[in-house]
Structures are given as structure tokens and as C-alpha cells.
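For the sequence shown, position 126 (counting from the first letter as 1) is numbered 128 according to this note's numbering, and the numbering increases by one without interruption.
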Amino acid sequence: MNFRKFKKNAKALSPVIATIILIAVTVAVSVVVAAWMGGLTLGFMGNAESASITNVSFTSNTTVTVTVQNTGTNTVTIQSATIDGNAATLTPVTSANILKGATGSFTVTAASGTFASGAQYAFNLLTAKGHTLTYTATYSVSPSL
3 MNFRKFKKNA KALSPVIATI ILIAVTVAVS VVVAAWMGGL TLGFMGNAES ASITNVSFTS
63 NTTVTVTVQN TGTNTVTIQS ATIDGNAATL TPVTSANILK GATGSFTVTA ASGTFASGAQ
123 YAFNLLTAKG HTLTYTATYS VSPSL
């Protein structure tokens with residue numbers, strides 16, 4: 003009989019207040035999860051480089067001028083160059099750092115050998131974050147060279 007008396011006097015939350023508390027807890031958890039996911043997204047995407055070689059212009063039978071466009075939101079730093087997998091000398095025309103939205107030019111000189119007329123060459127530039135920018139061009143002798 004004591005149990006019945008206890009149950010009769012027990013006070014409980016009304017369904018309306020219980021619903022409001024559940025909604026508040028759900029919203030709070032949602033905000034925390036959204037902030038955490040936003041931080042992860044910025045961590046993964048915030049360091050992304052988005053640059054590409056837009057043009058390669060042969061200036062001699064050993065040298066080319068490479069133009070790079072940075073379309074990303076971070077500065078891109080070009081560290082080294084290769085021609086068909088062989089190391090090449092990289093000389094920034096202005097700076098090795100290409101600011102966001104800017105274009106940079108580099109002189110790339112073949113370390114050994116000369117370009118052969120009609121041959122196709124793969125030019126690779128390596129960024130400081132380890133990304134490789136690739137461009138393929140065919141060397142043709144013109145009267146001005």
C-alpha cells in the first residue's frame with residue numbers, strides 16, 4: 003500500500019516541458035556537431051592549393067618561360083622543376099610565391115641536353131606542399147630562335 007501512496011504523490015514533468023527540453027538538447031548537440039564538422043572542413047580544405055600551368059613558351063633550345071595561375075585562396079610556392087622527369091634549373095622571374103588570384107612566371111632551363119624540334123616535353127613544377135603542376139608542350143624551331 004505504501005507504493006500506491008508514493009505513486010499518487012509523485013510529481014512529473016509535463017509533456018510540454020519535456021518536449022522543450024528535448025528540443026533544446028537536440029539543438030545544442032546539432033550546433034556542436036556543425037562547429038566540429040566546419041573545423042574539419044577548414045582543416046582539410048583550408049590548405050588546398052589550386053594552381054595550374056597556363057602556358058609554356060620556349061625562349062631557346064634549352065630554356066622555357068612557364069606561366070602559373072593561382073586560382074586558390076592560399077599563396078602557392080613553387081620549389082622545383084623537372085622536364086620529362088629530369089631535374090631542371092628553376093628561376094623565378096619575380097618571386098617563387100604566387101599570391102591568391104595572381105599569375106607568376108618562371109624560367110626553367112634544361113640541366114642537360116637541348117630541346118629537339120617536334121619533340122613533346124612534360125614540364126612539372128613541384129609546390130612547397132607537395133603538389134605537382136604538369137604541362138605538356140611541343141618544341142618547334144621558329145626563325146626568331
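Yeah, the Cβ is synthetic: ideal placement off N, Cα and C, and Gly gets one too.
Could you check the C-alpha separation between ALA53 and GLY74 for me, to the nearest Å?
-> 7 Å
Where the beta strand (DSSP E) through ALA112 begins and ends = 105 to 112
So what's THR93 in DSSP terms, helix, strand or just coil?
-> strand
Short Cβ contact (9 Å threshold) for ASN126 with THR84 | yes
Would you list the residues sitting across from TYR123 in a DSSP beta bridge?
-> ALA139
Who does LEU128 pair with in a DSSP beta bridge?
-> SER82 and THR134
Backbone CA spacing between VAL78 and ASN99 [nearest angstrom] = 6 Å
Report back the beta-carbon spacing between GLU51 and LYS102 to the nearest angstrom; my notes put them in contact at under 8 Å.
-> Not quite, the Cβ-Cβ distance comes to about 10 Å (not below 8 Å), so this is no contact.
Can you give the Cα-Cα distance for LEU128 and ASN72, rounded to whole angstroms?
-> 14 Å
Endpoints, beta strand (DSSP E) assigned at SER54 | 53 to 60
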